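Peer 1:
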Amino acid sequence: MLHINQYALIGLILSLGTSIAMMPLFSKMDTKGKLINAAFSVSGAYVFGGQLGFIASVSNSFSTTIFIIAKLSAGILAILMVYLFTKRRMEN
Numbered sequence: 003m004l005h006i007n008q009y010a011l012i013g014l015i016l017s018l019g020t021s022i023a024m025m026p027l028f029s030k031m032d033t034k035g036k037l038i039n040a041a042f043s044v045s046g047a048y049v050f051g052g053q054l055g056f057i058a059s060v061s062n063s064f065s066t067t068i069f070i071i072a073k074l075s076a077g078i079l080a081i082l083m084v085y086l087f088t089k090r091r092m093e094n
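Start counting at 1 in the sequence shown, then tack on 2, and there's your number in this note's numbering.
Here's what the structure looks like:
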């Protein structure tokens with residue numbers, strides 16, 4: 003579906019907690035996997051990591067739910083943008 007290698011997929015899963023865990027795998031990823039992981043790390047990483055812990059400790063459960071939805075939506079949008087821009091690049 004994503005057309006990336008196994009290291010890139012593992013990196014995406016690790017980025018849900020922290021993008022630092024993804025970094026040792028970065029050199030083993032294919033080019034598209036590197037782009038996807040970098041884009042996801044900007045907006046979608048740390049969904050279930052330290053930021054979630056902080057949000058949960060200082061706000062109510064509704065805000066925590068909105069935080070999770072917003073982070074995952076931003077990460078998915080970043081992945082879609084990578085596909086959009088790499089498709090245009092390959093056409094040129």
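Where a beta carbon is used, it is the ideal one built from N, C-alpha and C, also for glycine. None of these values were measured; they are calculated from a predicted model.
Below 8 Å on the Cβ atoms is my contact criterion, and I expect leucine 74 with glycine 46 to pass it. Report the Cβ-Cβ distance as a whole number of Å.
Peer 2: Between glycine 46 and leucine 74 the Cβ distance is about 6 Å, and since that is below 8 Å, they are a contact.
Peer 1: Pick out the complete alpha helix (DSSP H) segments inside the segment 41–85, 4 residues or longer, and give them in chain order.
Peer 2: Complete alpha helix (DSSP H) runs here, min 4: 52–60.
Peer 1: In whole angstroms, what is the alpha-carbon distance linking tyrosine 48 and glycine 19?
Peer 2: Computed Cα separation, rounded: 5 Å.
Peer 1: Mind reading off the beta-carbon distance from alanine 10 to glycine 35? Whole number of angstroms is fine, and I expect it under 8 Å.
Peer 2: Yes, alanine 10 and glycine 35 are in contact; Cβ-Cβ is about 2 Å, under 8 Å.
Peer 1: In three-state DSSP terms, what is glycine 13?
Peer 2: The answer is helix: DSSP assigns glycine 13 an H, G or I state.
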